[in-house]
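Protein chains: 2
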Amino acid sequence: MQHSASITYSISELAQEFDITARALRFYEDKGLLTPSRQGQTRVFSATDRARLRLILRGKRVGFSLDEIREMIDLESMNSGNSGNSGNSGSPLAYQLSLKRFQTRIEALRQQREDIDDAIAELETGCAWMETRIADLEPSEELKSRARAFEALARARL
Amino acid sequence: MQHSASITYSISELAQEFDITARALRFYEDKGLLTPSRQGQTRVFSATDRARLRLILRGKRVGFSLDEIREMIDLESMNSGNSGNSGNSGSPLAYQLSLKRFQTRIEALRQQREDIDDAIAELETGCAWMETRIADLEPSEELKSRARAFEALARARL
DNA sequence: ATTTTCCTTGACGTTAACGTCAACGTCATA
DNA sequence: TATGACGTTGACGTTAACGTCAAGGAAAAT
């Protein structure tokens, strides 16, 4: 159904685009976060692999561990996956387990949002204070440029 | 100026309150994040130590490393510190360095906020999906409670 | 007096998430 | 043909942030 000429990426292409190393990509594959196809021995990443990588990196930025990210990805792929059974556990107990974990993580994320707002506020007051310190202690850029202009003039007079 | 009977905390009190281990507190001291006073050999934590610990844990939750947190704390203490000089570097170059770092961190935090919102959204759809799965696969709680009621009735008949 | 309980300082172990290096294949190009 | 550029798989190294003993001091309860 999919015409054969889809966009693909080499490992270093993806690495460069997302500013990570090839080692990291191989590591994510080892951990089951990515499953690129092979052409011979060489990895070939598809557009969906790329999208998944996006998810991974976003997950990392918000503090998820790779194991947690894998769990999320697994459920995502089951979600949008085929309608039938694909050999997974599928037990409602497992769902309830994951559900609990997800819900607590959502709570943690809300808390984290507040913490981030607080941290931003603190860092901003810190920045403001440092700016006043710099302005107090340092001969201002204006003075410096005047000094340079004066030097130039003096050299010209010689 | 401070009346001598201030509130103090033992290491395990603080550990219990913030749900961390005493080892972590000692570790933070080793790293220069906390500087509790001593009574003999035993650590005695003040209210300001407690507040600082709050800052540390909040910093950790938003993804700061302990080194970064120490940098922030150092500047905070210089900020609200004494008016004179306290043997610190105080060079404007150092300030500009830290200022840059703080500003980039603020940018990262804003990005992080967006990422968190996205992650919350995704996790919520994940939860919703799992809830439908559970509802589909599991005999509902309503059925369960009806079964319990029936059992109770049956026992009463005996 | 002795047993708990809480504290201390080392010192080594652990986990996550890669970094780094070695040794090797393979293709395009000079 | 040989010389890079890019890819592969191990295997070991590294850093952060503690965990986990071991060995012992001091105070409080039995």
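Heads up: the sequence lines are chains A and B, in that order. Oh and the first sequence: position 1 is 1 in my numbering, straight run, nothing missing. Oh and the second sequence: position 80 is 80 in my numbering, straight run, nothing missing. A virtual CB, placed ideally from N, CA and C, is assigned to each residue, including glycine. Fair warning: this is a prediction, and the values are worked out from it, not measured in the lab.
Spatial distance of residue i from residue j (CA atoms)
i, j, result
"G87/B", "Q111/B", "Interpretation of G87/B is limited by its pLDDT of 39, a score under 50 that renders its predicted location unreliable; no figure is taken from the coordinates."
"R58/B", "E107/B", "18 Å"
"I56/B", "L75/A", "34 Å"
"P92/A", "R133/B", "7 Å"
"D117/A", "L153/A", "51 Å"
"T42/A", "R113/A", "41 Å"
"M130/A", "M130/B", "49 Å"
"S77/B", "G126/A", "11 Å"
"E29/B", "I11/B", "11 Å"
"N79/A", "E71/A", "12 Å"
"D115/A", "T8/B", "26 Å"
Short CB-CB distance (under 7 Å) between residue i and chain B
i, result
"Y9/A", "no"
"Q112/A", "yes"
"S126/A", "One point to set straight first is that residue 126/A is Gly, not Ser, in the sequence displayed. So, interface residue."
"G32/A", "no"
"D115/A", "yes"
"L109/A", "yes"
"L53/A", "no"
Which of helix, strand or coil DSSP assigns to residue i
i, result
"F27/A", "helix"
"S37/A", "strand"
"T21/B", "coil"
"F64/A", "coil"
"S12/B", "helix"
"S91/B", "coil"
"S77/B", "helix"
"S46/A", "strand"
Closer than 7 Å to chain A by CB, residue i
i, result
"Y95/B", "yes"
"A135/B", "no"
"F18/B", "no"
"I120/B", "yes"
"I106/B", "yes"
"L66/B", "no"
"G63/B", "yes"
"L123/B", "yes"
"L57/B", "no"
"L99/B", "yes"
Cutoff 8 Å; reference residue i; Cβ partners in own chain excluding five residues on either side
i, result
"R38/B", "V44"
"A24/B", "A15"
Beta-carbon proximity list for residue i, same chain, < 7 Å, skipping 5 on both sides
i, result
"L53/B", "L14, F18, L34"
I want to know whether the stretch 43 to 60 of chain B touches the stretch 95 to 108 of chain A - three or more CB-CB distances under 8 Å.
Taking 8 Å as the limit for Cβ pairs, the verdict is that the stretch 95 to 108 of chain A does not touch the stretch 43 to 60 of chain B.
Quick check: the stretch 50 to 69 of chain A against the stretch 26 to 38 of chain A, are at least 3 beta-carbon pairs closer than 8 Å?
Contact check between the stretch 26 to 38 of chain A and the stretch 50 to 69 of chain A: three or more CB pairs, one atom from each, fall below 8 Å, which counts as touching.
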